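Below is one structure, written out as C-alpha cells, with a few remarks after it.
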Ligand code: PGA
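Residue numbers (my numbering): 34 to 301.
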C-alpha cells in the first residue's frame with residue numbers, strides 16, 4: 034500500500050468561472066481513500082471560490098506562493114494567515130518560475146518554509162536543476178544546495194511536514210518528462226539525503242513529488258517508481274479529464290481503499 038499526493042499547479046491560468054468549473058469536476062473525483070490526497074492550487078484570486086466548492090469534498094486547496102511576514106507594508110504580497118483564513122492547507126514555494134522570473138533565492142524560500150510551518154500549513158518546496166546544470170553533472174550538487182538552503186533551521190521533527198517536489202527545470206512545461214531512470218535516480222538520492230538528515234523512519238514519511246510534464250499518458254509509469262509519492266502537475270492539471278486520469282492512476286497504484294486518513298501534519 035502506498036500514499037500519494039496529487040497536486041495541481043494551475044499557475045496563472047483560469048478566470049473565476051473556469052476555476053469553479055475545474056474545481057467542480059476535480060472535486061467529484063477526489064477519492065475518499067485516505068492514501069491519495071488531491072490538491073488544487075489556483076491563482077490567489079480564485080482560491081476562495083475553489084475552497085467553497087471543495088468544502089465537504091476530499092479536494093484540498095493550496096496557494097502557489099506567499100510572503101513570510103505576518104502583515105504590513107509589503108505591496109502586492111499575500112500572507113500565510115490570509116491564505117489559511119480562506120481555506121488553504123498547502124502552499125507551493127520555490128517553484129523554478131519564481132526562482133528564475135522573480136529572482137527568489139534559497140534564503141527567501143527558507144524564510145517562507147519556516148513561516149508556513151509555524152502557521153501549521155504544509156509547504157510544497159520545489160527544487161530542481163536546469164539542463165545546463167544536469168549536462169555539467171551538477172544535478173545533485175544543485176539539489177543539495179537548494180535543500181540545505183531552503184531547510185536551514187528546520188527542526189528534524191518538522192522535516193516530514195515539508196512536501197518536496199523534484200521538478201527538473203528542463204522538464205517543466207516542455208512535454209519532455211524526465212525518463213523513469215532519471216526520476217528513479219533523483220528520488221532515490223532525495224530519500225537518502227533525508228535518511229542522512231533525519232534517519233530512516235522519518236525520511237520515509239516525507240512526500241517526494243515529481244513534477245515536469247507529468248501527464249495522464251505517463252502517470253502510471255512515473256507514479257509506480259520507488260520513492261515517488263505523487264506529482265506536481267501543471268499543464269495536465271488544467272484539463273479535468275487528464276487530471277482525473279492521474280488521480281485514478283494513483284488510486285489504483287495505492288491499492289487499498291478506506292484506509293485511515295493520512296497524517297494531518299503533512300507527512301505520510
Ligand atoms: P508541467 O508543470 O506539468 O506543465 O510541466 C509542472 C510544474 O511547473 O509544477
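In this text, a Cβ means the ideal position worked out from N, Cα and C, and glycines have one as well.
None of the values given here were measured: they were computed from a predicted structure.
CA-to-CA distance, residue j to residue i, given in whole angstroms
| i | j | result |
| --- | --- | --- |
| residue 89 | residue 41 | 19 angstroms |
| residue 192 | residue 278 | 30 angstroms |
| residue 238 | residue 300 | 5 angstroms |
| residue 362 | residue 243 | Nothing in the structure corresponds to residue 362, since the chain is present only between 34 and 301. |
| residue 186 | residue 132 | 21 angstroms |
| residue 179 | residue 34 | 31 angstroms |
| residue 200 | residue 135 | 17 angstroms |
| residue 54 | residue 152 | 30 angstroms |
| residue 156 | residue 48 | 25 angstroms |
| residue 212 | residue 246 | 11 angstroms |
| residue 176 | residue 257 | 22 angstroms |
| residue 273 | residue 113 | 28 angstroms |
| residue 82 | residue 143 | 29 angstroms |
| residue 166 | residue 43 | 27 angstroms |
| residue 149 | residue 101 | 8 angstroms |
| residue 202 | residue 66 | 32 angstroms |
| residue 298 | residue 164 | 34 angstroms |
| residue 249 | residue 230 | 34 angstroms |
| residue 51 | residue 232 | 44 angstroms |
| residue 288 | residue 182 | 36 angstroms |
| residue 286 | residue 261 | 11 angstroms |
| residue 119 | residue 138 | 27 angstroms |
| residue 106 | residue 117 | 20 angstroms |
| residue 168 | residue 56 | 39 angstroms |
| residue 122 | residue 92 | 11 angstroms |
| residue 253 | residue 103 | 41 angstroms |
Status (buried if at least 16 other CB within 10 Å, exposed otherwise) for residue i
| i | result |
| --- | --- |
| residue 61 | exposed |
| residue 223 | buried |
| residue 128 | buried |
| residue 210 | buried |
| residue 234 | exposed |
| residue 214 | exposed |
| residue 145 | buried |
| residue 251 | buried |
| residue 189 | exposed |
| residue 79 | buried |
| residue 1 | For residue 1 there is no data in the structure shown, the boundaries of the chain being 34 and 301. |
| residue 172 | buried |
| residue 73 | buried |
| residue 208 | exposed |
Cβ separation of residue i and residue j, assumed to be a contact under 8 angstroms, to the nearest whole Å
| i | j | result |
| --- | --- | --- |
| residue 111 | residue 158 | With a Cβ gap of about 18 angstroms, residue 111 and residue 158 do not count as contacting. |
| residue 267 | residue 255 | Residue 267 to residue 255, Cβ: 14 angstroms. No contact. |
| residue 217 | residue 259 | 7 angstroms |
| residue 37 | residue 69 | 5 angstroms |
| residue 275 | residue 269 | 4 angstroms |
| residue 84 | residue 71 | That pair is no contact at about 14 angstroms. |
| residue 141 | residue 197 | Not confirmed; about 17 angstroms, so no contact. |
| residue 96 | residue 124 | 5 angstroms |
| residue 76 | residue 45 | 6 angstroms |
| residue 280 | residue 39 | 5 angstroms |
Identified DSSP bridge partners for residue i
| i | result |
| --- | --- |
| residue 93 | 72 |
| residue 241 | 197 |
| residue 264 | 39 and 243 |
| residue 112 | 100 |
| residue 31 | Coverage of the chain is limited to positions 34 through 301, which leaves residue 31 absent and any answer about it impossible. |
Residue i: CB within 7 angstroms of a non-hydrogen atom of ligand 2
| i | result |
| --- | --- |
| residue 280 | This structure lacks ligand 2; the ligands present are ligand 1. |
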